[in-house]
Amino acid sequence: MAGRSGSTFQKRQKELARIEKRRDKAARKEQRKVDKDEGGGGPPVEPLDPADVGLPDLEKIGEGH
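Going by my numbering, the first residue of the sequence shown is number 2, and it counts up by one from there.
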């Protein structure tokens, strides 16, 4: 009977490690969700004005045809 206790102990350790890994993974997933909701993606992006960039007006492009 003493021969089986070692494998049972190892199985229990593996099971506990699996449970802990699952718990850590869920915590990381929740943290990513919180980070995403906070909008920590960097500085805000302002819309560009085509006149500032130097792009031609769409009306002028249509006149060339």
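The C-beta atom is built at its ideal place from N, Cα and C for all residues, glycine as well. Predicted model only: the values in this text are computed from it and were never measured.
What is the DSSP secondary structure of D50, counted as helix, strand or coil? Coil, per DSSP.
What does the alpha-carbon distance come out to for the pair D25 and S8? If you draw a straight line from the Cα of D25 to the Cα of S8, it is about 26 Å long.
Cα separation between G40 and K12? The straight-line gap from Cα to Cα measures roughly 42 Å.
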